[in-house]
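Asker: In our numbering, the protein residues as written are 1 to 394.
Glycine residues also receive a C-beta, built at the ideal position from the N, C-alpha and C atoms.
Please read these numbers as outputs of a predicted model, since none were measured by experiment.
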């Protein structure tokens with residue numbers, strides 16, 4: 001069986017294991033050269049969002065020898081492509097799953113393929129997404145860091161993200177535990193848009209503990225994205241591909257906390273290769289979680305102390321209204337009900353307390369305590385001093 005819809009055929013090709021964007025681009029480029037629609041100088045970005053008079057359905061007629069001779073595809077990949085296109089089952093299953101869900105796909109031939117992504121080397125041929133489609137004129141900051149991010153990372157992110165959101169920026173990250181989760185949650189809490197790029201299929205979301213976060217992202221007009229088939233489980237080798245999409249969707253990449261060997265540094269390196277601005281938060285020289293950030297700073301990443309440092313890089317400045325607190329609370333927000341968990345925190349907050357002291361006093365886990373503190377801060381009940389201690393507002 002062959003398919004007339006080019007996007008469906010690209011989807012079929014993308015489902016063939018071990019056949020990546022480079023090989024698919026070679027196929028498309030050769031077909032267009034033969035048709036007289038392109039020259040050898042064709043770039044991947046020239047394909048995206050363009051309507052070409054090309055029938056990808058012809059690929060179903062080619063043999064292994066054809067793929068080797070006409071498309072200069074290596075024999076190993078020629079065999080995979082020919083066998084993959086003969087197997088209708090994988091495509092039919094994927095299309096059926098798409099029909100039964102709210103998940104959509106966007107291919108490189110679609111006009112609304114993300115503008116930022118189209119300019120990276122060999123962007124993904126197909127993107128799956130839940131929620132809002134990604135704006136083509138998106139202003140996005142990638143925020144990445146350690147899965148072991150501590151209170152310092154949380155304070156930094158909550159001091160930067162609301163101002164970026166107030167200036168029209170969305171926040172992109174990888175949906176992982178630690179810094180990624182903090183970035184997504186703070187963006188949502190201050191009414192901003194956020195994009196989570198996963199290293200697994202959207203029907204096999206990883207980490208499982210963040211499924212409720214992904215639901216909130218979709219519910220609040222954000223987007224959860226993946227280049228992987230719907231039921232693809234997370235694998236180590238997926239994360240570099242996921243990281244280059246995180247940086248590719250963004251104009252800049254901020255590394256908040258990262259050890260010397262951290263996946264966040266892979267994202268930063270991709271950002272450099274893609275010509276994106278790279279920012280890093282400085283940390284103590286004896287802090288292992290800051291070794292990666294400090295190394296980036298030595299390599300020329302821009303040191304960031306506040307959102308103004310990032311906005312300055314893009315020729316933006318804070319207007320007078322943004323020198324006020326970035327989170328403006330309505331009367332309704334001020335009157336949000338305080339739960340028993342909030343009461344526990346407030347009862348222990350008799351004087352300035354660090355988050356470590358509050359963990360000991362309340363018996364709460366770090367993530368739950370951070371959420372409660374942020375909600376109390378939003379309600380104007382507590383505030384954080386320059387030393388990082390928490391106090392009740394007077």
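#1: When the Cα atoms are used, what is the spatial distance from residue 322 to residue 26?
#2: In terms of alpha-carbon separation, which member of 199, 258 and 254 lies closest to residue 309?
#3: Under a Cβ-count criterion, where at least 16 other Cβ atoms within 10 Å of its own Cβ denotes burial, should residue 244 be classed as buried or exposed?
#4: Please tell me whether residue 271 and residue 303 are closer than 8 Å, where the distance is taken between their beta carbons.
#5: With DSSP as the reference, label residue 120 as helix, strand or coil.
#6: Is DSSP giving residue 349 helix, strand or coil here?
#7: What's the gap between the Cα of residue 265 and the Cα of residue 391?
#8: Between the segment 215-230 and the segment 150-157, do three or more beta carbon pairs fall short of 8 Å?
#9: Please report the straight-line C-alpha distance between residue 241 and residue 199, rounded to a whole angstrom.
#10: So, at 7 Å on beta carbons, what are the nonlocal neighbours of residue 262 in its own chain, with the 5 sequence-adjacent residues on each side left out?
#11: Which term fits residue 163, buried or exposed, when burial requires 16 or more other beta carbons within 10 angstroms of its beta carbon?
#12: So, residue 170 versus residue 139, is the Cβ gap smaller than 8 Å?
#13: Residue 386: buried (16+ other C-beta within 10 angstroms of its C-beta) or exposed?
#14: With distances taken Cα to Cα, identify the nearest neighbour of residue 20 among 246, 375, 59 and 124.
#15: Please identify the residue among 296, 209, 256 and 353 whose C-alpha is closest to the C-alpha of residue 161.
#16: Does residue 236 come out as helix, strand or coil in the three-state DSSP assignment?
#17: Could you check the C-alpha separation between residue 67 and residue 78 for me, to the nearest Å?
#18: Enumerate, from N- to C-terminal direction, the unbroken alpha helix (DSSP H) stretches of 4 or more residues contained entirely within the segment 127-202.
#19: Rounded to a whole number of angstroms, what is the C-alpha to C-alpha distance between residue 69 and residue 210?
Answerer: According to the structure shown:
#1: Bear in mind that a pLDDT of 45 at residue 322, under 50, signals an unreliable position, so the model cannot answer this.
#2: Checked all of 199, 258 and 254; the closest Cα to residue 309 is 254.
#3: Under the 10 Å beta carbon count, residue 244 is surrounded by 16 or more other beta carbons and is classified as buried.
#4: In terms of Cβ geometry, residue 271 and residue 303 do not form a close pair [threshold 8 Å].
#5: Residue 120: coil per DSSP, three-state reduction.
#6: Secondary structure at residue 349: coil, using DSSP grouped into helix, strand and coil.
#7: If you take the alpha carbons of residue 265 and residue 391, they lie about 35 Å apart.
#8: Segment contact: the segment 215-230 against the segment 150-157, fewer than three CB-CB distances shorter than 8 Å; contact not assigned.
#9: If I take the Cα positions, the gap works out to 8 Å.
#10: Cβ contact annotation for residue 262 (same chain, cutoff 7 Å, sequence separation greater than five): 146 and 292, in chain order.
#11: Under this definition residue 163 is a buried residue.
#12: At the C-beta level, residue 170 and residue 139 come within 8 Å of one another.
#13: In this predicted model, residue 386 has a pLDDT of only 49, less than 50, meaning its place in the structure is not dependable; the value taken from the coordinates is given anyway. Classification for residue 386: exposed.
#14: Considering only alpha carbons, the answer is 124.
#15: For residue 161, the nearest C-alpha among the options comes from 256.
#16: Three-state DSSP puts residue 236 in coil, outside helix and strand.
#17: Distance between the alpha carbons of residue 67 and residue 78: 5 Å.
#18: Counting whole runs of 4 or more residues, the segment 127-202 contains the alpha helix (DSSP H) stretches 151-166 and 179-189.
#19: Straight-line Cα distance between these residues: approximately 47 Å.
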